[in-house]
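Chains as they are written, first to last, in our numbering: chain A, 679 to 847; chain B, 144 to 391. Note that beta-carbon positions come from the ideal geometry of N, C-alpha and C, so glycine has one too. Some notes on the structure that comes next.
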Amino acid sequence: MKFPQFDQEIAISYFSDVKNAGQIRNELLSGNPDYQVAFINANTLLSSKHLLAAVYRAVSDQEAGSMKTKNVHSEVLFCLGGNNNIMDSLRRFGIQDDTTNIVAVKIGGGEYTKLVEGTEEPFTDEQIAKNTDIKLVKKVYKLPGTVSLDDRAQVETAAIGALLLRGFS
Amino acid sequence: MITLPEQLEKLSKQENLIAQGAESLVYSAQHPYLPQQECIVKYRPKKPYRLPELDAQLSKHRTLAEARVLQKLALGDVEVPHLVFIDAKNGLIYMEKIEGLSVKQWIWNEEGDTEGGAQEAGDKSRSLPDGDVSSLKDTLVLVGQEIGKLHKSDIVHGDLTTSNVMLRDGKPVIIDFGLASVSTLAEDKAVDLYVMERAVLSTHPVHSQQYCDWLFEGYLAVVGKSQKEVMRKLEDVRQRGRKRSMLG
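Shown next, in the form of structure tokens:
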């Protein structure tokens, strides 16, 4: 897909039963240029809208020249976060050695699906909802008790608002 | 001369301007990241008469202030448009489009339905017929409750009118927080209610008293402990008007 305002091609894939999260993580840490992809722990995502809000903010910040991290892919992870701590956002939304559900976002085109050893699933709201850890989401965005865990739509709105206002308040 | 900001050229058109205020232009636009969806963009254009440095600062500040209010209310479970994106540097807020009529328009439609016959029959008193009143009452009580929730979250709207509340599937959604601010003062909330009373009086003159009663019925049902002081202040405000006396 593309955002109407920007030219970059954006590809998103969902992988379940991922076996090589640790290896991907090591390649990322060593800065392998073939791994220019945002690998996200799928359990931290609420919906496609939630992810797209962060991707859109990352691409906007890239176009405006106001990125805070090294590249647009790490910026996606940073933009998912609700605070200004880059390490914190990479750790919470990025993958760990034992992560099994991964969403990969590739901005600017190019092959990336072969990097992940897992089952590719359709990137849909139903698929995302299967593995959302909503308690974790509520915690990472520090949402107050007035936001009910049962009301997924309200959690989504609150999370998107929090990530959009990050850095301004 | 109104012009579409360059950031919006790919999402909207000049003709999509749907409202204009002193400070901002409101456009209907394509959603920036969800395909096949629409959103609303509120744009604060540059004011050429202001010093550019000051202008940039003011636009950014006000855009963010409005966005923060929307976020605070979303967290407080008050029905307001969801945030879609914020571009503070360029004075743009993207938000959810609320489908439906403004309460103002809706009341006018309802009044037209229930009173058309009476008017034609030459009934000058134009009383609300008993049968169709319930939907008006129910809706205005709901609007009052939503305003109560707003004040409970310590936000004063600054421009509460029946055109700044929309009805989405019969549920009120408060819009336009351009003049909103955070305040815990009963005085500010009372002024907010006073502005609402006056607005109802001028947009719905015939039954304004009845409408205000229903709004207050809903309001008082949710505000809780702060209500006594707010209502006491409201009496003062009614006596003197919206502005506090500058004398002593």
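With residue i and residue j assumed to form a contact (beta carbons below 8 Å), what rounded beta-carbon distance in angstroms separates them?
{"i": "V299/B", "j": "S277/B", "result": "Not quite, the Cβ-Cβ distance comes to about 31 Å (not below 8 Å), so this is no contact."}
{"i": "I161/B", "j": "T206/B", "result": "The pair is not a contact, with the Cβ atoms about 18 Å apart (cut-off 8 Å)."}
{"i": "R844/A", "j": "N761/A", "result": "6 Å"}
{"i": "D775/A", "j": "G700/A", "result": "4 Å"}
{"i": "V783/A", "j": "I690/A", "result": "5 Å"}
{"i": "S167/B", "j": "G321/B", "result": "6 Å"}
{"i": "G219/B", "j": "K292/B", "result": "7 Å"}
{"i": "V815/A", "j": "V833/A", "result": "6 Å"}
{"i": "Y713/A", "j": "F801/A", "result": "The Cβ separation is near 19 Å, so there is no contact."}
{"i": "F771/A", "j": "T722/A", "result": "5 Å"}
{"i": "D247/B", "j": "S306/B", "result": "The residue you asked about is not Asp; residue 247/B is Lys in the sequence shown. With a Cβ gap of about 4 Å, K247/B and S306/B count as contacting."}
{"i": "F756/A", "j": "K748/A", "result": "Not a contact, Cβ separation roughly 10 Å."}
Looking at the strands, I want to know which residues DSSP matches up with residue i.
{"i": "A716/A", "result": "V783/A"}
{"i": "C355/B", "result": "The partner list for C355/B (beta bridge, DSSP) is empty, contrary to what the question assumes."}
{"i": "E804/A", "result": "The partner list for E804/A (beta bridge, DSSP) is empty, contrary to what the question assumes."}
{"i": "E834/A", "result": "According to DSSP, which records beta bridges pairwise, E834/A is partnered with nothing at all."}
{"i": "V184/B", "result": "Y170/B and Y237/B"}
{"i": "V299/B", "result": "S324/B"}
{"i": "K680/A", "result": "E687/A"}
Which stretch, first to last residue, makes up the beta strand (DSSP E) that contains residue i?
{"i": "Y192/B", "result": "Premise fails: Y192/B is in no beta strand (DSSP E) and is neither H nor E."}
{"i": "R311/B", "result": "V308 to R311"}
{"i": "K169/B", "result": "Lys is not the amino acid found at residue 169/B; the sequence shown has Val there. It spans L168 to Q173 - the beta strand (DSSP E) in which V169/B sits, taken as one unbroken run."}
{"i": "F693/A", "result": "I688 to S694"}
{"i": "V221/B", "result": "Neither: V221/B is in no beta strand (DSSP E) and is coded neither H nor E."}
{"i": "V349/B", "result": "No beta strand (DSSP E) contains V349/B, which DSSP labels as neither H nor E."}
Output the boundary residues of the alpha helix (DSSP H) element that contains residue i.
{"i": "L377/B", "result": "Q370 to R383"}
{"i": "K292/B", "result": "V276 to K295"}
{"i": "K332/B", "result": "A329 to T346"}
{"i": "K816/A", "result": "I812 to V818"}
{"i": "I764/A", "result": "I764 to F771"}
{"i": "Q774/A", "result": "Segment: none, Q774/A is in no alpha helix (DSSP H) and carries neither H nor E."}
{"i": "R163/B", "result": "A quick correction: the sequence has Gln, not Arg, at residue 163/B. From DSSP, Q163/B is part of no alpha helix (DSSP H) but of the beta strand (DSSP E) over L160 to Q163."}
{"i": "V825/A", "result": "First-last for V825/A: undefined, no H or E at that position."}
{"i": "L755/A", "result": "V750 to L758"}
Mapping the DSSP letters down to three states, classify residue i as helix, strand or coil.
{"i": "Q212/B", "result": "What sits at residue 212/B in the sequence shown is Val, not Gln. Helix."}
{"i": "E239/B", "result": "strand"}
{"i": "D230/B", "result": "strand"}
{"i": "P711/A", "result": "helix"}
{"i": "E798/A", "result": "strand"}
{"i": "D266/B", "result": "Reliability of the predicted coordinates at D266/B is poor, the pLDDT of 46 falling under 50, and no value is obtained from them."}
{"i": "K153/B", "result": "coil"}
{"i": "S725/A", "result": "coil"}
{"i": "L201/B", "result": "helix"}
{"i": "E253/B", "result": "helix"}
{"i": "A261/B", "result": "Below a pLDDT of 50, predicted positions are generally treated as unreliable, and A261/B, at 47, falls in that range; no measurement from the model is reported."}
{"i": "K247/B", "result": "helix"}
{"i": "S324/B", "result": "strand"}
{"i": "I145/B", "result": "coil"}
{"i": "I318/B", "result": "coil"}
{"i": "K697/A", "result": "coil"}
{"i": "K746/A", "result": "coil"}
{"i": "T304/B", "result": "coil"}
{"i": "A364/B", "result": "helix"}
{"i": "Q740/A", "result": "helix"}
{"i": "N809/A", "result": "helix"}
{"i": "E705/A", "result": "helix"}
{"i": "G839/A", "result": "helix"}
{"i": "K792/A", "result": "helix"}
{"i": "R735/A", "result": "helix"}
{"i": "L730/A", "result": "helix"}
Out of the options, which one is the CA nearest neighbour of residue i?
{"i": "R187/B", "options": "P175/B, T282/B, E340/B and Q163/B", "result": "Q163/B"}
{"i": "H347/B", "options": "P178/B, L283/B, E222/B and H174/B", "result": "L283/B"}
{"i": "S171/B", "options": "V184/B, H225/B, P178/B and P224/B", "result": "V184/B"}
{"i": "R735/A", "options": "G759/A, F717/A, Q714/A and N719/A", "result": "G759/A"}
{"i": "E741/A", "options": "V833/A, I785/A and K808/A", "result": "I785/A"}
{"i": "D379/B", "options": "A364/B, W249/B, A333/B and V365/B", "result": "A333/B"}
{"i": "T824/A", "options": "S345/B, I290/B and K295/B", "result": "K295/B"}
{"i": "I812/A", "options": "F684/A, F681/A, L724/A and Y713/A", "result": "L724/A"}
{"i": "G301/B", "options": "V212/B, E239/B and K153/B", "result": "V212/B"}
{"i": "R769/A", "options": "F717/A, H728/A, K746/A and L730/A", "result": "F717/A"}
{"i": "V286/B", "options": "Q173/B, I318/B and G255/B", "result": "I318/B"}
{"i": "K680/A", "options": "L377/B, K153/B and A364/B", "result": "K153/B"}
{"i": "K727/A", "options": "H225/B, V221/B and P191/B", "result": "H225/B"}
{"i": "A329/B", "options": "G367/B, K190/B, S345/B and E196/B", "result": "G367/B"}
{"i": "E789/A", "options": "V715/A, E804/A and F756/A", "result": "V715/A"}
{"i": "L729/A", "options": "D766/A, A807/A and K820/A", "result": "A807/A"}
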